[in-house]
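Line order of the protein sequences matches chains H and C.
For my numbering, add 462 to where a residue sits in the first sequence, where the first one is 1.
For my numbering, add 462 to where a residue sits in the second sequence, where the first one is 1.
Remarks on the structure that follows.
Number of protein chains: 2
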Amino acid sequence: MPQPDDSEDKPVRARTMAEIAALAGVAESTVSRALAGSERVSEETRERIRKLVQESGYRINSRARSLRTRRSRTIEVVIGISETNRQHFSDPFFSQIVAAIADALAENDYDLLLSRARPWDDVEGADAIASNRADGVIIIGQGREPEKLAEYAASRRNVVVWGADIPDRSYPVVGSDNLLGGRLVARRLLAQGRRRLVFLGDIRHVEIGLRHRGCMEEMTSAGAAPDQTLTLSMPFDSESAYGATRELFRGGIWHDAVFAASDVLAVAAMQALSDLGVRVPEDVSVIGYDDIALAAYVSPALTTIRQDTVAGGRALVENLLTLLDGGEARDAILPTELIVRRSCGGS
Amino acid sequence: MPQPDDSEDKPVRARTMAEIAALAGVAESTVSRALAGSERVSEETRERIRKLVQESGYRINSRARSLRTRRSRTIEVVIGISETNRQHFSDPFFSQIVAAIADALAENDYDLLLSRARPWDDVEGADAIASNRADGVIIIGQGREPEKLAEYAASRRNVVVWGADIPDRSYPVVGSDNLLGGRLVARRLLAQGRRRLVFLGDIRHVEIGLRHRGCMEEMTSAGAAPDQTLTLSMPFDSESAYGATRELFRGGIWHDAVFAASDVLAVAAMQALSDLGVRVPEDVSVIGYDDIALAAYVSPALTTIRQDTVAGGRALVENLLTLLDGGEARDAILPTELIVRRSCGGS
DNA sequence: AGGCGCATGGCAATCGATTGCGCAAACCCC
DNA sequence: GGGGTTTGCGCAATCGATTGCCATGCGCCT
């Protein structure tokens with residue numbers, strides 16, 4: 463018969479700070495301070511408590527903690543692009559930037575809450591949606607209704623946005639120079655002698671609109687007749703781009719260049735061209751936007767505008783934490799660079 | 463001079479339930495019940511409170527709520543694959559499945575917390591890591607140390623895992639049949655007359671190991687000499703796969719097929735082959751695993767084993783919620799299917 | 001020996017919402 | 001009009017950690 467045993471190796475599970483306190487023979491407040499590393503508790507006591515915590519597998523209850531401290535060390539990330547559904551989160555560009563944000567947050571000991579809805583879309587659902595769950599919000603993309611975003615952000619000092627530096631915004635932004643990006647694309651295509659462009663993407667999205675405008679302005683000022691340019695509006699998915707491209711080129715090759723608003727669209731367009739026997743880049747040049755990881759690995763490799771997601775994620779997080787700290791955020795327009803690869807005749 | 467105005471259109475901001483209660487002239491408890499839709503509060507009062515909540519822009523403080531209710535309606539998602547860093551979250555496969563999980567959770571009004579560390583990696587950092595922040599945990603991938611995962615999960619009833627049905631596990635799994643997947647790949651390659659295979663991937667990962675084993679077994683039982691097969695171990699990133707493939711084929715084409723543990727690796731391998739002037743699929747067949755969105759759009763289109771992320775995400779969430787509800791989870795081995803495309807000579 | 005100061009640690013209020021229990025008003029019936 | 005039910009609400013404890021302020025004990029100085 464096993465005798466009751468009070469030896470030290472018995473692993474006592476502790477669930478609350480009070481239990482740890484009892485174990486250590488001190489008050490709850492002391493445990494709290496010890497765990498916070500306060501100088502008010504002697505090094506010796508701190509060490510004893512730390513050990514107890516280890517052994518008992520105790521974990522601070524972060525809900526109670528953040529109720530009291532009014533901070534949760536959690537940041538909410540919202541993909542603002544999609545109007546109809548959330549699936550576009552699976553676009554590699556978005557997941558790359560979310561990953562970058564996650565890493566930057568982790569370095570600062572923050573957690574990342576992936577939001578299921580844009581906070582300014584007032585849900586009519588009778589319930590009051592719970593909130594106060596994150597200390598700050600990072601919004602990816604200004605979407606098609608920047609006014610709503612601006613209104614939402616106007617009353618808060620804990621919102622930063624990945625997007626473009628547009629007028630009337632009420633929040634700090636980090637992003638690439640979309641106008642310049644569009645220009646760079648146009649210049650490259652013009653240098654190649656291409657003039658009959660197809661633009662793929664929904665220009666109602668602020669950033670896409672700017673890319674489009676930059677490209678158009680440059681084309682026009684170079685003397686290309688605007689009516690040689692076709693703009694195909696479409697959502698952010700491969701299927702749409704594939705279908706539209708195929709439809710367009712089915713009758714023959716009149717256009718000689720495709721500028722897609724994102725790499726995902728560009729890759730799908732190239733596939734459509736390939737399926738139709740149209741050669742890239744000989745017959746048609748294709749340029750994308752984002753420089754997702756796979757861009758370099760498709761065949762032909764995709765020429766694209768690089769958006770530095772790692773730098774972007776870091777800048778977003780830094781700005782947000784600065785804001786939360788009472789400081790001022792600094793907008794960051796990241797270097798915007800054309801990466802020339804085979805799809806437009808590069809090496 | 464603006465006169466003080468008490469008209470009803472003055473938007474009173476309320477921050478706590480107590481304030482709403484004061485506004486409505488009832489007790490806090492009544493507000494709580496009203497918002498919860500309790501029958502204990504008259505429809506009339508409920509309506510009045512609802513209206514007040516709307517006008518005042520009040521949001522329930524979810525921290526206080528979940529402290530009290532002991533549920534947060536939040537699920538933590540952990541990418542268990544990477545041993546060294548977290549960057550692999552940007553692998554399209556992982557982001558697809560995270561997206562699917564996010565959607566399934568949203569349908570059930572749960573939030574998704576993206577974790578920065580695997581909970582069983584005991585951080586030696588002196589601080590007790592906060593916890594109790596999610597009601598349940600979804601782990602993607604069993605990683606290279608399934609025992610640790612098993613130990614972690616053994617003591618809880620709120621963990622589900624995307625992975626393989628291996629012995630000694632202590633948690634429900636959802637996943638594809640990796641062994642069968644490997645077999646299907648081998649059969650296809652054998653049918654094509656390919657016998658000199660290269661396997662790309664880290665077989666220490668449980669799932670990868672099974673894919674590898676299935677493939678090997680099938681090859682061997684078909685009489686292919688095992689020593690004709692080369693296994694290249696590597697992490698989950700494009701660069702490694704590109705480099706290793708290039709290195710291997712630089713000297714000439716001896717192997718006639720590549721089976722990569724993931725599509726990302728496969729695409730990179732194809733790029734390396736293409737850069738070396740090796741033709742796919744004429745000289746070398748390439749098959750991947752996952753069927754990420756881009757697989758159909760690379761050129762040549764990638765043959766691969768499809769993992770249904772949408773069904774998987776849904777199954778994971780359903781199982782987890784069932785567990786949380788006190789029910790029993792049902793392991794789900796999803797249909798495992800070879801999608802034949804050009805990269806192995808398909809249409 | 002008395003007094004002062006510092007180092008440690010405990011008390012209790014607090015964060016905001018939830019909920020078991022009990023009370024009061026209203027309504028019914030006889 | 002009185003007793004018994006409903007119906008609708010309020011009281012107060014509770015979830016677990018944090019923190020301002022006070023209390024205790026000890027060493028040290030004069």
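Beta carbons are placed, not taken as given, at the ideal position from N, Cα and C, and that holds for glycine.
- Assigned with DSSP and collapsed to three states, H:Ile-522 falls in coil, not helix or strand.
- For C:Ala-566, same chain residues with a beta-carbon under 6 Å away, outside a window of 5 residues either side, are Gly-775, Arg-776 and Val-779 in chain order.
- If you draw a straight line from the Cα of H:Ala-703 to the Cα of H:Gly-789, it comes to about 43 Å.
- From the listed residues H:Ile-522, H:Met-681, H:Ala-484 and H:Ala-723, the smallest Cα separation to H:Leu-497 is found for H:Ile-522.
- Beta-bridge pairing by DSSP links H:Thr-693 to H:Phe-661.
- Following the DSSP letters along the chain, one finds H:Leu-576 in no alpha helix (DSSP H) but inside the beta strand (DSSP E) bounded by residues 573-576.
- The shortest CA-to-CA distance from C:Ile-541 to any of C:Arg-530, C:Gln-558 and C:Ser-534 is the one to C:Gln-558.
- The C-beta distance from H:Thr-492 to H:Ala-480 rounds to 11 Å, too long to meet the 8 Å contact threshold.
- Assigned with DSSP and collapsed to three states, H:Ala-728 falls in helix.
- Counting of Cβ neighbours within 10 angstroms places H:Arg-477 among the exposed residues, the total staying below 16.
- Residue burial annotation: C:Pro-554 is buried, with at least 16 other C-beta atoms found within 10 angstroms of its C-beta.
- Residues of the stretch 510-536 of chain H with a C-beta less than 7 Å from any C-beta of chain C: Arg-512, Val-515, Tyr-520, Arg-521, Ile-522, Asn-523, Ser-524, Arg-525, Ala-526, Arg-527, Ser-528, Leu-529 and Ser-534, listed in chain order.
- In the displayed model, H:Ile-628 falls within coil according to three-state DSSP, outside both helix and strand.
- Nearest in C-alpha terms to H:Val-647, of all of H:Asn-570, H:Val-660 and H:Val-636, is H:Val-660.
- Among the residues of chain H, those whose CB is under 7 Å from the CB of C:Asn-594 are Arg-521, Asn-523, Ser-524 and Arg-525, following chain order.
- Ranked by how close their Cα comes to the Cα of C:Met-681, the residues C:Glu-701, C:Glu-506, C:Arg-650 and C:Asp-639 have C:Arg-650 in first place.
- A distance below 8 Å separates the beta carbons of C:Ser-700 and H:Ala-755.
- Contact of H:Tyr-759 with chain C by beta-carbon distance below 7 Å involves Ser-700, Val-729, Ala-730 and Gln-733.
- With contacts defined as CB atoms closer than 8 Å, H:Leu-575 and C:Asp-573 qualify as a contacting pair.
- Within the stretch 652-667 of chain H, no residue places its CB atom closer than 9 Å to a CB of chain C.
- Per the C-alpha coordinates, the member of C:Leu-611, C:Leu-641 and C:Tyr-633 positioned closest to C:Leu-785 is C:Tyr-633.
- For a cut-off of 8 Å, the C-beta gap from C:Cys-806 to C:Val-748 is around 7 Å, short enough to register as a contact.
- The shortest C-alpha to C-alpha distance from H:Ile-767 to any of H:Ala-757, H:Glu-538, H:Ser-761 and H:Asp-753 is the one to H:Asp-753.
- C:Leu-800 is the residue among C:Leu-800, C:Arg-645, C:Arg-673 and C:Asn-570 whose C-alpha sits nearest the C-alpha of C:Asp-770.
- The C-beta separation of H:Arg-532 from C:Asn-594 comes to about 18 Å, leaving the pair out of contact by the 8 Å criterion.
- Close to H:Pro-743, with beta-carbon spacing below 7 Å, lies no residue of chain C; the smallest spacing is near 13 Å.
- Scanning C:Phe-698, C:Val-635 and C:Arg-712 for the CA closest to the CA of C:Gly-663 turns up C:Phe-698.
- Between C:Ala-794 and C:Val-636, the CB-CB gap stays under 8 Å.
- DSSP places H:Ser-736 within a helical segment (H, G or I) once states are collapsed to three.
- Within chain H, no C-beta atom comes nearer than 7 Å to that of C:Pro-697; the closest sits roughly 14 Å away.
- Not one beta carbon of chain C lies nearer than 8 Å to the beta carbon of H:Ser-500.
- For C:Tyr-751, the three-state secondary structure derived from DSSP is strand.
- With a contact defined as Cβ atoms closer than 8 Å, C:Ala-734 and C:Thr-691 miss out at about 19 Å.
- Taking CB atoms only, C:Ala-496 has no neighbour in chain H less than 8 Å away.
- Taking the Cα positions, H:Val-560 is about 8 Å away from H:Val-539.
- Residue pairing of H:Arg-768 in beta bridges, as defined by DSSP: H:Asp-752 and H:Glu-799.
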